[in-house]
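K.L.:
Right, I'll just put the structure down here and ask away after.
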Amino acid sequence: MLLLVSSCIKSPYYQKEYTIPNYKWDYNNPSSFKFEISDTNALYNLYFLVRHTEAYPYSNIWLMIYTKKPGDTTFTPSRIEVPLAEPTGKWLGRGMGEIWEQRMPISHDGDTAMLRKEGTWEIKFAQDMRMNPLPEVLQVGLRIEKKAKR
Numbered sequence: 011m012l013l014l015v016s017s018c019i020k021s022p023y024y025q026k027e028y029t030i031p032n033y034k035w036d037y038n039n040p041s042s043f044k045f046e047i048s049d050t051n052a053l054y055n056l057y058f059l060v061r062h063t064e065a066y067p068y069s070n071i072w073l074m075i076y077t078k079k080p081g082d083t084t085f086t087p088s089r090i091e092v093p094l095a096e097p098t099g100k101w102l103g104r105g106m107g108e109i110w111e112q113r114m115p116i117s118h119d120g121d122t123a124m125l126r127k128e129g130t131w132e133i134k135f136a137q138d139m140r141m142n143p144l145p146e147v148l149q150v151g152l153r154i155e156k157k158a159k160r
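Its first residue numbered 11, the sequence shown is counted upward by one per residue in the working numbering.
In C-alpha cells form, the structure reads like this:
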C-alpha cells in the first residue's frame, strides 16, 4: 500500500517558495529562482505556486514573469493572469481553514522554447496588480517537473 501511494506522488525537479514579508507582496520585491538545466531533451512543466488567505481581496493575480536564459545578460518579461477564484467567488486550489494554495501552470509540454538551453536559468515573479503592496499573499514559489524525453 505504501509503495502504491509513494509511486503516485511526483517529486519536483526543482521547487522553492518564499514567504512574503508581513504577507504584503510589494511589486518592487520580486521572488527570484535560479536553477540548472542539463537535460535539454526532456520536457519540463513550470508552475507558479501561491498561498493566500481567504481575505485576499481579488479573484485573480496579474503576474510579471522575468526569464533569463543561460548566457543572457537581461531578463525577458511576460505577463500572465492567474485566476484564484471561480466567477461565483469559490476559491480555486486546495484550502485548509483560511489558507488557500494553488499551483498554476506557466508552461506546458508543447512549449518547446522553454528550458531548451543548458546551463543556469533565472526566473523572477513580481505581482503586477494596481494595489501595492498586495495584501494577504503568504507565499509564492516556482515548481518544475521533469517529464519524459521529447
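Note that CB positions come from ideal geometry on N, CA and C, so glycine has one too.
So who's on the other strand from Gly151, going by DSSP bridges?
P.N.:
Stepping through the sequence shown from its first residue, residue 151 is reached at position 141. Paired residues: Glu27 and Leu59.
K.L.:
Could you please give the first and the last residue of the uninterrupted beta strand (DSSP E) stretch that includes Arg126?
P.N.:
Against the sequence shown, residue 126 aligns to sequence position 116. Unbroken run through Arg126: none, as it is neither H nor E.
K.L.:
Distance check for Ala65 and Ser42, CA to CA, integer angstroms please.
P.N.:
In the sequence shown, counting from the first residue as 1, residue 42 sits at position 32. In the sequence shown, counting from the first residue as 1, residue 65 sits at position 55. Looking at the two C-alpha atoms, the distance is approximately 26 Å.
K.L.:
Starting from Met114, trace the beta strand (DSSP E) in both directions and tell me its first and last residue.
P.N.:
By one-based count along the sequence shown, residue 114 stands at place 104. Residues Ile109 to Pro115.
K.L.:
Quick check: Thr84 and Thr77, are their CB atoms within less than 7 Å of each other?
P.N.:
Position 74 of the sequence shown holds residue 84. Position 67 of the sequence shown holds residue 77. No, the pair does not count as a contact, with Cβ atoms beyond the cut-off.
K.L.:
Look up Met74 in the DSSP assignment and give the residues it is bridged to.
P.N.:
Here residue 74 refers to the residue found at position 64 of the sequence shown. Beta-bridge pairing links Met74 to Arg89 and Ala136.
K.L.:
If Ile116 sits next to Phe45, beta carbons under 8 Å apart, how far is it from one beta carbon to the other, in whole angstroms?
P.N.:
In the sequence shown, residue 116 corresponds to position 106, counting from 1. In the sequence shown, residue 45 corresponds to position 35, counting from 1. The pair is not a contact, with the Cβ atoms about 14 Å apart (cut-off 8 Å).
K.L.:
Judging by CA-CA distance, which residue of Gly105, Glu132, Tyr33 and Leu94 is the nearest neighbour of Ser69?
P.N.:
The residue you call residue 69 lines up with position 59 of the sequence shown. That would be Leu94, whose Cα lies nearest to the Cα of Ser69.
K.L.:
Could you say which of Tyr33, Leu125 and Asn32 lies nearest to Thr9 if we only look at CA atoms?
P.N.:
Given a span of 11 to 160 for the chain in the structure shown, any question on residue 9 remains unanswerable.
K.L.:
Applying the criterion that 16 or more other CB atoms from any shown protein chain within 10 Å of the CB defines a buried residue, is Pro97 buried or exposed?
P.N.:
As a first step, residue 97 is located in the sequence shown; it is residue number 87 there, counting from the start. That one is exposed.
K.L.:
Tell whether a beta-carbon distance below 7 Å holds between Glu146 and Tyr37.
P.N.:
The sequence position of residue 146 within the sequence shown is 136, counting from 1. The sequence position of residue 37 within the sequence shown is 27, counting from 1. No; because the gap between Cβ atoms is not below 7 Å, this pair is not in contact.
K.L.:
What residue range is occupied by the uninterrupted beta strand (DSSP E) comprising Glu46?
P.N.:
The residue given as residue 46 occupies position 36 in the sequence shown. First-last of the beta strand (DSSP E) with Glu46: Ser41 to Ile47.
K.L.:
Out of Gln149, Val150 and Gln137, point me to the one whose CA is closest to Ile71's CA.
P.N.:
Taking the first residue of the sequence shown as 1, we reach residue 71 at position 61. The candidate whose alpha carbon is nearest that of Ile71 is Gln137.
K.L.:
With DSSP run on the structure shown, which of helix, strand or coil describes Tyr68?
P.N.:
Against the sequence shown, residue 68 aligns to sequence position 58. DSSP places Tyr68 in coil when its eight states are reduced to three.
K.L.:
Nearest to Arg89 by CA position, among Lys134, Ser21 and Asn142, is which residue?
P.N.:
Residue 89 sits at position 79 when you count from the first residue of the sequence shown. Minimum Cα distance to Arg89 is reached at Lys134.
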